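Structure first, then comments.
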């Protein structure tokens, strides 16, 4: 094993190095605590919390791979449920495995009346992500015989239940906000096709999903399925390290994803595009003002990618196809101009040295919000769609964490910079 040398206050440390199959190697610093040292890395910019075989990202070269498969190949040749199997099991399924997985998902999509009543207790105006997190967490109370994380069969069943019922949960949240009744699943339809039917169909009337929308949404679910050790995935792993059950860990991930700096960024992009449209300025003028005042432009730049986000390239391709279909476009007329605003903004970002030198390229959120709107979803639902796609990754990361013999309960350290010891002062003596 390779080693690294560290000198601190005239003391030398020899630290082991874990060699990566791709990407950066890792210096193991855990033994430093034996000598009273901790490492300080706000935001974990250079800290790896684990070894993982699930997702690989090369931010400099626009590479994203699930289990070794390029994201472009998976979007071209695979589908969401096959990718979910791949992430969970590490290999692509054979025909029998794939068919059985689809059947297992389909026959667990239905929710019982008690669960529907539970979901109906939330205010219709409640934030969809809060309802989604609560609903997923509550599944543990409806299926208590699937919460033993030391039983592989129960863990498999819990994973399948979450995958299956998440689309029912999200579709019902969407319909309740519009005061519409829940639609139950149709097992004869595909995962994405039936999800769109459950969201948009009118009861007792035939409904045919637009194949382009089905395919586009399926690709968005795939590109969101996992993304290495991001904020919400780290939360899932940390919760799981305490042996929280899978439902609780995934619910924790949903709550983390709800933050505007994480999953809510696509809503911010849409608001920004509208602000540009309504500002009375050209896109170029808006950008120059932002540069002059140091304002961040939503949808540009990423913590990991220092080149064009490969997920953004895929999303852009499908948005272009959707925008060419004016006859079936559900995007409100006053929002159709937002595509032109986004296109011009992207062109400026790719050619202006201000953005290029800072590696501020379009990220996955830049175009996904417009696709969701074009399909017919309200902005408040965008992050639930992100979560729907991310669930397979959370499940895979949780299972990998449990199986890793090196896993310990997550317990970060700190560098204390507060008061040293001081004496209590009675209230009548305080200034």
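Residue numbers (this note's numbering): 15 to 445.
Heads up, the beta-carbon is just placed ideally off N, CA and C, and yes, glycines get one too.
Please read these numbers as outputs of a predicted model, since none were measured by experiment.
Residue range 225-237 is occupied by the alpha helix (DSSP H) that includes residue 227. The beta carbons of residue 231 and residue 206 sit closer together than 8 Å. Distance between residue 227 and residue 233, taken at the CA atoms: about 10 Å.
Annotated as proximal: residue 150 and residue 183, with beta-carbon spacing under 8 Å. With contacts defined by Cβ atoms closer than 8 Å, residue 63 and residue 243 form a contacting pair.
Per the C-alpha coordinates, the member of 97, 204, 130 and 341 positioned closest to residue 240 is 97. The three-state reading of DSSP puts residue 305 in helix, counting H, G and I together. Across the structure, residue 350 and residue 418 are spaced so that their CA atoms are roughly 48 Å apart.
In this structure, the straight-line span from the alpha carbon of residue 104 to that of residue 66 is close to 11 Å.
If you check the CB distance, residue 374 and residue 356 do not come in under 8 Å.
DSSP places residue 22 in the uninterrupted beta strand (DSSP E) bounded by 17-22. A direct Cα-to-Cα measurement between residue 263 and residue 76 gives close to 30 Å.
The residue among 332, 275, 293 and 336 with its C-alpha nearest the C-alpha of residue 314 is 275. Partner residues in the beta bridge of residue 40, as assigned by DSSP, are 32. Rounded to the nearest whole angstrom, the CA to CA distance from residue 91 to residue 85 is 10 Å.
Collapsing the DSSP output to three states places residue 25 in a strand. When beta bridges are read from the DSSP output, residue 72 appears opposite 77.
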